[in-house]
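By the working numbering, the letter at position 299 of the sequence shown is numbered 422, and the numbering carries on one by one without gaps. I have placed the structure first, in the form of structure tokens, so that the comments after it can refer back to it.
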Amino acid sequence: MHNISTIWTEKYRPDAFEQVKGQKDIVKTLAAMVEKKNLPHLLFAGPPGCGKTTLSIIIAKKLFGEDWKRNFLELNASDERGIDVVRNTIKDFARTKTIGDYPFKIIYLDECDSLTKEAQQALRRTMENFVSSTRFVLSCNYSSKIVDAIQSRCAVFKFKPLLQEEINHVIDNIAKTENLTINEETRKALCEAAEGDVRKLTNILQSCAAIDDTVTEDKVCDLASVARPKEVKEILQMAIGGKFETARNKLLDIMLQHGLSGLDIIKQIQKEVWSLDIPDQKKVLLVDKCGEIEFRMVEGSDEFIQLEALLANFMGF
Ligand SMILES: Nc1ncnc2c1ncn2[C@@H]1O[C@H](COP(=O)(O)OP(=O)(O)OP(=O)(O)O)[C@@H](O)[C@H]1O
Ligand SMILES: [Mg+2]
């Protein structure tokens with residue numbers, strides 16, 4: 124049925140600017156730079172699965188055509204063999220001539236925010252030394268973790284998680300090609316589970332499709348380690364209505380059933396607070412409480428005791 128030897132995140136990776144969803148301004152600017160063959164060093168900052176690697180590959184394909192693989196080097200700054208290995212690989216690659224008649228090659232360096240300040244300074248010097256032959260595309264989750272000396276040498280692009288509408292386009296495209304059936308509820312669950320991350324979305328879809336062409340909400344929630352939003356809301360409503368014991372039992376139930384941790388569920392509770400039928404002021408107090416409970420969990424206190432304490436706060440509205 125579904126050929127499981129192809130990885131969908133590769134199969135559905137856009138290979139032209141027009142196919143990239145969202146990130147409109149970024150795509151426009153990058154396309155113009157490529158058109159003029161005038162590329163500065165680039166810094167891509169943003170959450171996982173939103174198109175950073177994808178766009179850097181598209182740039183390389185546009186600039187180098189068939190030679191792109193030989194003029195494009197992808198490295199991970201957090202390589203466990205150490206930053207020296209990374210630095211040497213960069214130097215070796217930057218020193219050799221470009222294949223074909225191109226003014227420079229491209230080095231894509233992922234996870235730059237994992238580099239120490241000292242390593243970033245060294246990287247800055249490398250960037251300067253090889254600027255005549257090499258352009259760097261640096262990628263990170265948070266640009267604030269990149270030293271100013273590097274930021275000021277790059278054109279900085281801040282990527283955003285994809286909007287629901289953009290995620291929907293990706294779902295439609297995959298569903299059509301793979302003949303998947305996805306109803307409205309499931310689609311919502313997919314959007315929620317993906318959190319704007321196309322890689323996560325694609326992986327969930329592929330796992331569901333391996334089982335059945337009809338993708339179900341249950342399966343999506345299981346794979347994404349989330350409870351069904353409806354269930355979470357029900358629990359909160361029970362607690363608000365004073366049925367504390369029923370609420371806590373049901374909470375324990377769904378946590379065990381879906382194999383959720385306290386931290387998984389607290390995020391969902393926090394999201395659901397906004398959809399409850401209680402005054403805004405109370406919502407704000409509860410969201411604040413969620414933050415406090417989450418902190419306690421991270422610090423290592425008993426998850427279920429903390430969740431019970433949280434539920435207690437919902438009572439009496
Ligand atoms: N804007 C987008 N439009 C369409 N598909 C996308 C987009 N962003 C990501 N994808 C898809 O998601 C997958 C992962 O994308 P990509 O490798 O570009 O993520 P990334 O931003 O580099 O993430 P990370 O920070 O985790 O490396 C790819 O298969 C790609 O097809
Ligand atoms: Mg990437």
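Heads up, the beta-carbon is just placed ideally off N, CA and C, and yes, glycines get one too. This structure is a prediction, so every number in the text was calculated from the model and none was measured.
Check, Outcome
"Ile358 classed as buried or exposed, judged by whether at least 16 other C-beta atoms fall within 10 angstroms", "buried"
"CB contact check: Gln244 to chain B, cutoff 8 Å", "The structure shown contains no chain B; it is built from a single protein chain."
"Within 8 Å, strictly: CB atoms of Asp236 and Tyr265", "yes"
"Start and end residues, beta strand (DSSP E) containing Asp233", "228-233"
"Contact belief for Ala245 with Arg210 at Cβ below 8 Å, rounded distance in angstroms", "7 Å"
"Backbone secondary structure at Cys344 - three-state DSSP", "helix"
"Three-way DSSP call (helix, strand, coil) for Glu203 in this model", "coil"
"Per-residue DSSP class, three states only, for Glu422", "coil"
"heavy atom of ligand 2 below 7 Å from Asp320 C-beta", "no"
"Spatial distance of Pro137 from Asp345 (CA atoms)", "28 Å"
"Ala312 versus Asn326 - alpha carbon distance", "14 Å"
"Near ligand 2: Lys144 beta-carbon under 7 Å from a heavy atom", "no"
"Secondary structure of Phe216, DSSP reduced to three states", "helix"
"Ligand 2 heavy atom lying under 7 Å from the CB of Asp495", "In the structure displayed, the chain extends from 124 to 440; residue 495 sits before or after that span and is not available."
"Contact under 8 Å by Cβ, Ile442 with Cys314", "Residue coverage of the chain in this structure runs from 124 to 440, which leaves residue 442 outside it and unanswerable."
"Own chain residues within Cβ distance below 7 Å of Val355, not counting five before or after", "Gln391, Ile392, Glu395"
"Helix, strand or coil at Ile392 according to DSSP, with G and I counted as helix", "helix"
"Proximity of Gly365 and Met438 at Cβ, strictly below 8 Å", "yes"
"Buried or exposed (CB count within 10 angstroms, at least 16 for buried), Gln287", "exposed"
"Cβ shell of Trp191 (< 6 Å), same chain only, five flanking positions each side left out", "Ala183, Lys184"
"Any non-hydrogen atom of ligand 2 within 7 Å of Lys176 CB", "The question names Lys, but residue 176 in the sequence shown is Thr. Result yes, Cβ under 7 Å from ligand 2."
"Helix, strand or coil at Glu315 according to DSSP, with G and I counted as helix", "helix"
"Validate contact between the stretch 278-286 and the stretch 245-260 using beta carbons, cut 8 Å, 3 pairs", "no"
"Start-to-end residues for the beta strand (DSSP E) that takes in Thr493", "Because the chain here runs from 124 to 440, residue 493 falls outside it and cannot be looked at."
"Residues bridged to Ser262 (per DSSP)", "Phe167"
"Cut-off 7 Å between Cβ atoms - residues of its own chain near Lys175, not counting five sequence neighbours on either side", "Phe167, Gly169, Ser262, Phe282"
"Other residues of its chain near Asn199: CB distance less than 6 Å, five sequence neighbours each side excluded", "Asp233, Glu234"
"Check whether Arg371 and Leu434 have beta carbons under 8 Å apart", "yes"
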